[in-house]
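First residue of the sequence shown: 4, per the working numbering; consecutive thereafter.
Since the structure comes first, as structure tokens, the remarks are kept for the end.
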Amino acid sequence: MFNTLQRYLMRQFLVACASTVCLFVFILIIGNAVKEVLPMLASGKIQLPFFIDILWHLIPSMVAYSLPLGVLTATLLVLGRLSSHNELLAMKASGISPYTIIAPFLLLASLGTLFTLFVNFHWGPHSIVYYRTALTNLIRQKPLQFIQTGTFVKDFPGYMFFIEQKHRDWVENCWLWELDGSQSSGVNMALHAKKGLLRYDNKRNRLLFTLLNGSGEKYLMQSGDTIHTQPIAFTSTEIALPLSHLLGNLFFRKRLGHMTLTELRGEFARAHSPKEKVLARLEIQRNAVFGFGILAMILIAIPLSIRFSRTETSINLVLAIGLAMGFYTLIMAISWLEAAPQWRPDWLVWMPPIALWLIAIPLLKRIIQH
């Protein structure tokens, strides 16, 4: 089906593309890890196997952004090296058609487009939902894993507490301070109990911290240097701790960007207002643009690589990043028009790939002719 030259070009392209994709996936994964889950791993809130598992499931959504860069870099690197070494001239002098040379690149880019569409419309949304829900469900199933012993916990606004030991849902030697900025002492109440219970309230999405058979003090007022307090003794008292403050933005509502194609079509069918319909259609079109953008990028990369004829990996990588970032920036800028649906951003989002096609096709024809 393919001759020896085409198989050679395909191998070179695949190696360069895979290397670049792995590099950018690694960078994007590390960026997400440092921002969200790496601090949780360092503090002991999550374990290493869980950390590896959720990052592994995040890879598909990162591939969708990395694959266009991989295709661009591989094309610029392989064809640029052939052009700089005058191998393309030798092939043409041997009677090899330019179409024979670029056919493997176009074929692999087409396969990359199909793969990206599959990722954007199916695999990627599932991976993002898994990543988010896994973090959310972990604290629901193992709330004590997020509470550290032997240290002052300040993750919940209005409260600070200290736990000496923990075992499953039970804790021992607990201190809890209810903070109040209006008080000169900064504390409204201090409680201590030798035993306590920590459990999850599914209905209100919060942790319930129950202190058993304890005592404490309520701070009433301050006269000069004297702080007046009232002793407290209790059999059981319960404090509600909202989880939204513990995990911040890790709790999420499933947005359009987290939906598969089937779910997006369902949202479009259920939309009542024109704006809702435009937003659902915009997400579908944007996912499609990221896929077909690969074909637009390779069409512009082929004449550029032959024209500049550079063998340096760094220069080709910088050129690829510049093209891809410009492409992504235009798409994101058009997506900001979602607040103004009358501008039809669901159709305008196709302008970047169409512009690349209009520029690339004449350049490609000129390169083939000369």
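Yeah, the Cβ is synthetic: ideal placement off N, Cα and C, and Gly gets one too.
Distance CB(residue i)-CB(residue j) smaller than 8 Å
i, j, result
"G219", "A193", "yes"
"Q288", "W339", "no"
"I32", "L58", "yes"
"E175", "K145", "no"
"I334", "V281", "no"
"L285", "D183", "no"
"G127", "A67", "yes"
"L71", "I371", "Note that residue 71 corresponds to Pro in the displayed sequence, not to Leu. No."
"T195", "W173", "Contrary to the premise, residue 195 reads as His rather than Thr in this sequence. Against a cut-off of 8 Å, the Cβ pair of W173 and H195 comes out as no contact."
"A304", "L85", "no"
"L12", "P107", "yes"
"L141", "F54", "no"
"L109", "I301", "yes"
"V132", "S69", "no"
"G294", "T119", "yes"
"A299", "L366", "no"
"Q151", "S46", "yes"
"M65", "V28", "yes"
"F330", "P306", "no"
"L267", "L259", "yes"
Same chain only: Cβ atoms within 7 Å of residue i, ignoring 5 sequence neighbours per side
i, result
"N252", "Note that N252 has pLDDT 49, beneath the 50 cutoff, so the model's placement of it is unreliable and the number below is only indicative. Nothing meets the Cβ criterion."
"T7", "none"
"I309", "L82, S86, L91, I370"
"N290", "N123, F124"
"G115", "L70, V74, I297"
"I362", "I303"
Residue i, enclosing alpha helix (DSSP H) - first and last residue
i, result
"D56", "51-87"
"V18", "7-35"
"E341", "It is not in any alpha helix (DSSP H) - E341 carries neither H nor E in the DSSP assignment."
"L246", "Looking at the DSSP string, L246 is not in any alpha helix (DSSP H), and its letter there is neither H nor E."
"R347", "Element bounds for R347: n/a, residue is neither H nor E."
"M94", "90-96"
"M262", "It is not in any alpha helix (DSSP H) - M262 carries neither H nor E in the DSSP assignment."
"S185", "That residue, S185, is in no alpha helix (DSSP H); it is neither H nor E in DSSP."
"G115", "101-121"
"A358", "354-372"
Residue i - partner residues in DSSP beta bridges
i, result
"Q233", "K221"
"S239", "L215"
"R207", "For R207, which the question treats as bridged, DSSP gives no partner whatsoever."
"F155", "F165"
Limits of the beta strand (DSSP E) - the one that residue i falls within
i, result
"L200", "190-204"
"M300", "From DSSP, M300 is part of no beta strand (DSSP E) but of the alpha helix (DSSP H) over 277-311."
"F164", "162-170"
"E39", "Note, E39: premise wrong, no beta strand (DSSP E); not H, not E."
"W173", "173-182"
Sequence-distant residues of its chain with Cβ nearer than 8 Å to residue i (five each side left out)
i, result
"H125", "T263, L264"
"R3", "Given that the chain is displayed from residue 4 to residue 373, the structure contains no residue 3 and the question cannot be resolved."
"T136", "none"
"S239", "T213, L214, L215, N216"
"Y162", "L179, W180, E181, L182, I242, L244"
"E341", "V281, L282, L285, P348"
"I324", "L72"
"I62", "V28, I32, S130"
CB contact check: residue i to chain C, cutoff 8 Å
i, result
"L109", "Annotation note: the requested chain C is absent from the structure, which comprises a single protein chain."
Presumed contact (8 Å Cβ cut-off) between residue i and residue j, rounded CB distance
i, j, result
"L41", "L51", "Actually they do not touch by this definition, with Cβ atoms about 11 Å apart."
"L111", "F16", "6 Å"
"M94", "I104", "6 Å"
Same chain, Cβ closer than 6 Å to residue i, five either side skipped, listed in chain order
i, result
"F311", "none"
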